[in-house]
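Colleague: Please read through the structure below; I'll follow up with questions.
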Amino acid sequence: MWNACAPRVCPHVFFYSPRIVASGGLTGLDSEGQVRSYLGSDYAYGRPETAATAANEGLVTMYLPEGTYTLSASITTIDPGGGESTTQLPAIDVTVADGEKLCVEDCIQVFIEPPMCSTNFGFIGWGNAVSSCGATLTNLSVRISPLSNPGLRLGYSEIWTGLYPSNMLRMAGQVFPEFDGFALSNYNDMVFAVVAKDNLGHVASRQIITHYDFTPPVLNCPDIIVIAPNGSDAVVDFNVTTASDLRSLVCNPPSGSVFTLGTNLVTCTAKDLCNNTNTCSFNVIVLMPECVLSIELLPGDPASVRLTWDCAGTLEEASAVDGPWADIPGAASPHTRPVTPENKYFRVRRQ
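In structure tokens form, the structure reads like this:
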């Protein structure tokens, strides 16, 4: 996507035909977390366009890809005697983000800390301004409005220095979609605009497109299978993974609870910093300890087998692996019985 960058050229002479040459690019991650690598240059002419309309202030508008650039400005000046000459102005370094609009002013630098959801202060971002050229800042304002309806003010804040001039100002801008009373669709795409002014009449602005997060947190809730060491219940600790901006996670029953034999349902509800919620459920399945049945062939005539097991249960036998199964009355581990001509299958039925 392209970014609007509008440098203002304001020397103390009359000029026309202002032009900007921009060179730079991006190497690394862009604002969407994608790896990018590109370099390039571009140029643009602005107003005033002719000697007849020469003034001491001009405007050049450029559209640049996301990245960091050096802007080199030059102008055609009109000398007191009517002659003309080309003057190169000091270069300016700027960084533009995806969807950002920046009005460059030599004497005021404006920075935006993009808004994000917070625990107690809603969707909050910060505008920062620093003055130079021997001037002091007079005010700094932050305005938030829907991209689709710029006339609607979702949030506004402003600071005036008054009797306490400063060359550095910082102001928060925030919205509360849950309480502001506007349709939630207004918060999908918002313009976060910052304007700074100084006592010499310089004005600098910067704006970005920001988006409120309405996406519920993603929960990962797989079933858990554990063994009850005591044969009746087990203490189970579990960890439900979710988004990094998690505000709260409540599970019922909570992790560390005692779960009885069988299938136990756990329900968890997560809330992120933007107050989006999501719920998931999973099973904690508690099983009896494994019961090992051993069969040992004993020497002798006639031959016999000895069966041993290490759990409470009833020894059963069958002539086929799929039954029918019948209890062996009074059998206790170890249990010895003669070998019979027909096949026999044994198992322990847990109590």
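Our numbering puts the first residue of the sequence shown at 695, with every later residue one more than the last. Each residue gets a CB set at the ideal place from its N, CA and C atoms; glycine is no exception.
Among the candidates V836, R1044, K965, K891, whose CA atom is the shortest distance from the CA of E807?
Modeller: Among V836, R1044, K965, K891, the Cα nearest to that of E807 belongs to V836.
Colleague: If you draw a straight line from the alpha carbon of S725 to that of D792, how long is it in whole angstroms?
Modeller: S725 and D792: Cα-Cα distance of roughly 6 Å.
Colleague: In the structure shown, what three-state DSSP assignment does L894 receive?
Modeller: The answer is coil: DSSP assigns L894 none of H, G, I, E or B.
Colleague: Under 8 Å between the Cβ atoms of T762 and S711?
Modeller: In this structure, S711 does not lie closer than 8 Å to T762 by Cβ.
Colleague: Can you tell me the Cα-Cα spacing of G1024 and S975, whole angstroms?
Modeller: One C-alpha to the other measures close to 44 Å.
Colleague: With 16 as the cutoff for other CB atoms within 10 Å, does R1043 come out buried or exposed?
Modeller: R1043 is exposed by the Cβ-count criterion.
Colleague: Quick one: measure Cβ to Cβ for F709 and A748, integer angstroms, because I've assumed they're closer than 8 Å.
Modeller: The Cβ separation is near 6 Å, so the contact holds.
Colleague: Starting from P1035, follow the beta strand (DSSP E) in both directions and report where the run begins and ends.
Modeller: P1035 -> no beta strand (DSSP E), and no H or E assigned at all.
Colleague: From D1021 to I921, what distance separates their C-alpha atoms?
Modeller: Distance between the alpha carbons of D1021 and I921: 26 Å.
Colleague: When you compare only the Cα positions, how much space is there between D995 and P1028?
Modeller: Computed Cα separation, rounded: 20 Å.
Colleague: Cβ atoms of R900 and C827: under 8 Å apart, would you say?
Modeller: No, the pair does not count as a contact, with Cβ atoms beyond the cut-off.
Colleague: Note down the Cα distance separating F870 from L878, rounded to an integer number of angstroms.
Modeller: Their backbone Cα atoms lie some 10 Å apart in a straight line.
Colleague: Out of M982, S942, C968, point me to the one whose CA is closest to P923's CA.
Modeller: That would be M982, whose Cα lies nearest to the Cα of P923.
Colleague: Using C-beta distances below 7 Å, list every residue in its chain close to T744, excluding the 5 sequence neighbours before and after it, in chain order.
Modeller: Y710.
Colleague: Helix, strand or coil, according to DSSP, for S879 in the structure here?
Modeller: Three-state result, S879: helix.
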